[in-house]
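Asks:
Residue numbers (the working numbering), protein chains in the order written: chain A, 1 to 322; chain B, 1 to 375.
(1) Which residue spans inside the region 170 to 216 of chain B form an unbroken beta strand (DSSP E) run of at least 3?
(2) Return the Cβ separation of residue 113(B) and residue 295(B) in integer angstroms, given the expectation that the two are a contact with Cβ distance under 8 angstroms.
(3) Nearest to residue 165(A) by CA position, among 151(A), 187(A), 2(A), 148(A), is which residue?
(4) Is there a C-beta anywhere in chain A that falls below 7 angstroms from the one on residue 343(B)?
(5) Residues of chain A with CB closer than 7 angstroms to the CB of residue 358(B), please, in chain order.
(6) Over the uninterrupted beta strand (DSSP E) stretch that includes residue 286(A), give me the two end residues.
(7) For my contact list, residue 70(A) and residue 171(A) are in at a C-beta cut-off of 8 angstroms; report their separation, rounded to the angstrom.
(8) Among 137(A), 48(A), 256(A), 80(A), which one has its Cα closest to the Cα of residue 106(A)?
(9) Could you have a look at residue 268(A) and say whether DSSP puts it in helix, strand or coil?
(10) Quick one: any contact between the region 284 to 300 of chain B and the region 134 to 143 of chain B, if contact means 3 or more CB pairs under 8 angstroms?
(11) Out of 307(A), 16(A), 243(A), which one is the CA nearest neighbour of residue 152(A)?
(12) For a contact meaning CB atoms closer than 8 angstroms, what does residue 313(B) contact in chain A?
(13) When burial is assigned at 16 or more other CB atoms within 10 Å of the CB, is residue 171(B) buried or exposed?
(14) Check the C-beta distance from residue 11(A) over to residue 135(A) and give it rounded, since I have them as a contact under 8 angstroms.
(15) Mind listing the chain A neighbours of residue 172(B)? Cutoff is C-beta to C-beta under 7 angstroms, in chain order.
(16) Which one of 50(A), 150(A), 23(A) has the shortest CA to CA distance from residue 38(A)?
(17) Taking Cβ positions, are residue 79(B) and residue 220(B) nearer each other than 7 angstroms?
(18) Applying a beta-carbon distance threshold of less than 9 angstroms, which residues of chain B neighbour residue 301(A)?
(19) Since I believe residue 16(A) is in contact with residue 324(A) (beta carbons under 8 angstroms), could you give me their beta-carbon distance rounded to a whole number of angstroms?
(20) Using the beta-carbon of each residue, which ones in chain B are nearer than 8 angstroms to residue 312(A)?
(21) Since residue 48(B) meets chain A, which of its residues come closer than 9 angstroms, beta carbon to beta carbon?
(22) At what residue ranges does the region 57 to 116 of chain A contain a whole run of the alpha helix (DSSP H), taking only runs of 4 or more?
(23) In chain B, what lies closer than 7 angstroms to residue 293(A) by C-beta?
(24) State the DSSP-derived secondary structure class of residue 322(A), mapped to helix, strand or coil.
(25) Tell me, please, which residues DSSP counts as bridged to residue 17(B).
(26) Quick check on this structure: which residue in 40(A), 82(A), 57(A) has the alpha carbon closest to the alpha carbon of residue 358(B)?
(27) What are the partner residues of residue 121(A), as DSSP defines its beta bridges?
(28) If you drop the 5 nearest sequence neighbours on each side, which residues of the same chain put their C-beta closer than 6 angstroms to that of residue 203(B)?
(29) Find the nearest neighbour of residue 66(B) within the set 94(B), 185(B), 349(B), 329(B), judged by alpha-carbon distance.
(30) Chain A beta carbons: is any one of them nearer than 7 angstroms to that of residue 302(B)?
(31) Taking only the alpha-carbon atoms, compute the straight-line gap between residue 185(A) and residue 158(A) and give it to the nearest angstrom.
(32) Going by DSSP in three states, residue 24(B) sits in which element: helix, strand or coil?
(33) Below 9 angstroms on C-beta distance, what does residue 350(B) contact in chain A?
(34) Using a Cβ-Cβ cut-off of less than 9 angstroms, give me the residues of the region 113 to 133 of chain A that come near chain B, in sequence order.
(35) Are the C-beta of residue 346(B) and some C-beta of chain A separated by less than 7 angstroms?
(36) Sorted by chain position, which residues of the same chain lie with C-beta nearer than 7 angstroms to residue 311(B)'s C-beta, five sequence neighbours on each side aside?
Here it is in structure tokens:
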């Protein structure tokens, strides 16, 4: 158990959650709750792996994964934005659909062998910084570095640009945005699609970088849902999403590492001698998600902010605004 | 009149107009729409099966034959429908209050664990009479399920924690929890299952009466079906004929109106989550005592709680309709086990749910094709 290794791996695995959480933040900021993250992530992971095996080109795999998840997200967009259906149920349906399709089309992929992965590399100079260097800038996947770029960009875009202002207005008070000539429907479609692209990227990050391969539903193991929870913890802010994602990534690695040594803090390691105690460790990410939700919800109540005001509400032109 | 412009299309002098439905459609109309959605879903599923290299017509024929073909497979279908029925009832009562309990899966698993603990801990001596065993197991299953529903209910009511995510997380925790017991404490000789329950902890099966009714030979349909049907009747009475049910429906339809009417919303959130958890837990007890006869992960954590969500929705949250829809989905899952590729039943369930939700549009809006000049 080495702190630096745990944090380094935490940043790598946390990148999956980071992409998915930021994707969901975009969708929710526009007022559309998309609970289909888990399903879209599975589609992304399956597509990335499958395309890369067939073509040998991981970049094509990433591209197709994003496209596939983006297309799936448009089913949710159509059902909720145009047909005004309940966003919760539609999102759930999307998860079933994504899981089902990826199981059917991914049949046999688990034995398909290994793929050429996305490149890992260290950044000169930056990797020399003590502590930070080995954690953030040494032998990380190119997608991890992309995460470093994406997060501040997403934060800046949402909070300090004109299109970001439009995005927020559509999620807070669509009727007012509409009266100013902003096309509420088009923007919502767009941000649900953008969210889908990023969730697809998260899926590709799993199957092409973090834990390469296709292991049916175990590929994601609920990470899509954890991402939905992290959005609330992050208070719809990409910077906080980054913090939460990396913490969860590190936790996953810690759980693996804690089961290795025979002696833990001077005691016989119970997780080594009785491996079934490890099931309690497996509960931790899910238990922490609940705890993190409690923290996020309390904070939202105290500060009287939080969810975009129109989150979950279909916008119907001509109906009285809320 | 409110009018969605997003769907307005112009073509050759005609335009499609979407109008909110002001009149109440005839009673057969929702049924027609649901059946239409089902047919469309099977059609879309067929296209995807073809895409994956299968033969859709053969797959569907196989599903029909392998689930309703003779009395033996029909009995197996009903065995599969039983846990779905109880899980769907659990979902329906929570959904009725717009409480998104996605945790029927975890509550079902905890119910199975609670019932198993009575046999394996052991709470009751293994020679206890059957009526005592089954009663205590049912109560333990309901209690464990209710506890698993109480946690998210309490968090929602007191701390405003989103119940969708908390119930989902509790599903994963429940699986790890029973794995701990199955792999560790109750493992039978290191295998990943508990010892088999004694016969007096089994729910009676039709086959048990084969001596007096020869036709029952080999039929595994068990008393869980009676429990499920009975629970559906009780739930129907609660939801549609009791004051509590009225409160639940009012909160679901209009939470603000309910609040002004002085209905205790926080309390009801907790009670309904516990009722929902207890129903799912009863399903877990019925499955472990009627079908599996031991605690084992794969047959217990088999996704009945998730299928229950779809069934509840397809049945429009009506407990009596849920009985019928459960049988259909029992058939789909039973027959689906042998179909290649193996994800087909899950995919079809997803497509059915998507089509259903989309079809609700036709219940709330009217689509008219009118001449352009009329506008």
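The beta carbon of each residue, even a glycine, is placed where N, CA and C say it ideally should be.
Replies: Result, derived from the coordinates:
(1) If you keep only unbroken beta strand (DSSP E) runs of at least 3 residues inside the region 170 to 216 of chain B, you get nothing at all.
(2) Numbered from 1 along the second chain, position 113 holds the residue referred to as residue 113(B). Numbered from 1 along the second chain, position 295 holds the residue referred to as residue 295(B). Confirmed, Cβ separation roughly 7 angstroms.
(3) Here residue 165(A) refers to the residue found at position 165 of the first chain. Nearest Cα to residue 165(A) within the set 151(A), 187(A), 2(A), 148(A): 187(A).
(4) Mapped onto the second chain, residue 343(B) falls at position 343. By this cut-off, residue 343(B) is an interface position.
(5) Walking along the second chain from the start, residue 358(B) turns up at place 358. The answer, in chain order, is 79, 83, 85.
(6) Mapped onto the first chain, residue 286(A) falls at position 286. Here residue 286(A) belongs to no beta strand (DSSP E); instead the alpha helix (DSSP H) covers 278 to 303.
(7) If you number the first chain from 1, residue 70(A) lands on position 70. If you number the first chain from 1, residue 171(A) lands on position 171. Not quite, the Cβ-Cβ distance comes to about 19 angstroms (not below 8 angstroms), so this is no contact.
(8) Residue numbering aside, residue 106(A) sits at position 106 when the first chain is read from its first letter. The shortest C-alpha to C-alpha distance from residue 106(A) to any of 137(A), 48(A), 256(A), 80(A) is the one to 48(A).
(9) Here residue 268(A) refers to the residue found at position 268 of the first chain. Residue state for residue 268(A) is assigned as strand, using DSSP reduced to three classes.
(10) Contact holds: three or more Cβ-Cβ distances are below 8 angstroms.
(11) Within the first chain, the letter at position 152 stands for residue 152(A). Of the listed residues, the one whose Cα sits closest to residue 152(A) is 243(A).
(12) The residue given as residue 313(B) occupies position 313 in the second chain. Residues of chain A passing the Cβ test: 89.
(13) Taking the first residue of the second chain as position 1, residue 171(B) is located at position 171. By the neighbour-count rule (16 or more Cβ atoms within 10 Å), residue 171(B) is buried.
(14) Counting from one through the first chain, the residue named residue 11(A) turns up at place 11. Counting from one through the first chain, the residue named residue 135(A) turns up at place 135. 6 angstroms between Cβ atoms; contact.
(15) Mapped onto the second chain, residue 172(B) falls at position 172. Within 7 angstroms Cβ-Cβ: 222, 286.
(16) Residue mapping note: residue 38(A) aligns to position 38 of the first chain, counting from 1. Per the Cα distances, 23(A).
(17) Counting from one through the second chain, the residue named residue 79(B) turns up at place 79. Counting from one through the second chain, the residue named residue 220(B) turns up at place 220. At the C-beta level, residue 79(B) and residue 220(B) come within 7 angstroms of one another.
(18) Against the first chain, residue 301(A) aligns to sequence position 301. Neighbours of residue 301(A) on chain B, chain order: 159, 160.
(19) Any property of residue 324(A) remains undetermined from this structure, which presents chain A solely from 1 to 322.
(20) Counting from one through the first chain, the residue named residue 312(A) turns up at place 312. Chain B residues near residue 312(A): none, gap ~11 angstroms exceeds 8 angstroms.
(21) As a first step, residue 48(B) is located in the second chain; it is residue number 48 there, counting from the start. For residue 48(B), the chain A residues whose C-beta falls within less than 9 angstroms of its own C-beta are 100, 101, 104, 105, listed in chain order.
(22) Fully enclosed alpha helix (DSSP H) runs of 4 or longer: 58 to 77, 87 to 105.
(23) By one-based count along the first chain, residue 293(A) stands at place 293. Within chain B, the residues near residue 293(A) are 161, 162, 165, 166.
(24) Mapped onto the first chain, residue 322(A) falls at position 322. Because the pLDDT at residue 322(A) is just 44, under 50, the model does not fix this residue reliably, and the point stays unresolved.
(25) In the second chain, residue 17(B) corresponds to position 17, counting from 1. The partner list for residue 17(B) (beta bridge, DSSP) reads 368(B).
(26) Residue 358(B) sits at position 358 when you count from the first residue of the second chain. It is 82(A).
(27) Residue mapping note: residue 121(A) aligns to position 121 of the first chain, counting from 1. Residue pairing by DSSP puts residue 121(A) in a beta bridge opposite 140(A).
(28) Your numbering for residue 203(B) matches position 203 in the second chain. Here the set comprises 222, 223, 224, 289, 290.
(29) Position 66 of the second chain, counted from the start, is the residue given in the question as residue 66(B). Minimum Cα distance to residue 66(B) is reached at 329(B).
(30) Sequence index remark: in the second chain, residue 302(B) carries index 302 (1-based). The C-beta of residue 302(B) comes no closer than 7 angstroms to any C-beta of chain A.
(31) To locate residue 185(A), count along the first chain from 1; it is residue 185. To locate residue 158(A), count along the first chain from 1; it is residue 158. Whole-angstrom Cα-Cα distance: 18 angstroms.
(32) For the purposes of this step, residue 24(B) is taken as residue 24 along the second chain, with counting starting at 1. Residue 24(B): coil per DSSP, three-state reduction.
(33) By 1-based counting over the second chain, the position of residue 350(B) is 350. Neighbours of residue 350(B) across chain A, judged by C-beta separation under 9 angstroms: 39, 93, 94, 95, 96, 97, 98, 99, 100, 101.
(34) Those residues of the region 113 to 133 of chain A that come within reach of chain B (Cβ to Cβ, closer than 9 angstroms) do not exist; the list is empty.
(35) For this step, residue 346(B) is matched to residue 346 along the second chain. Interface criterion met: the Cβ of residue 346(B) is under 7 angstroms from a Cβ in chain A.
(36) On the second chain, position 311 is the one that residue 311(B) refers to. Excluding positions up to five away in sequence, the list reads 84, 88, 322, 325, 326, 329.
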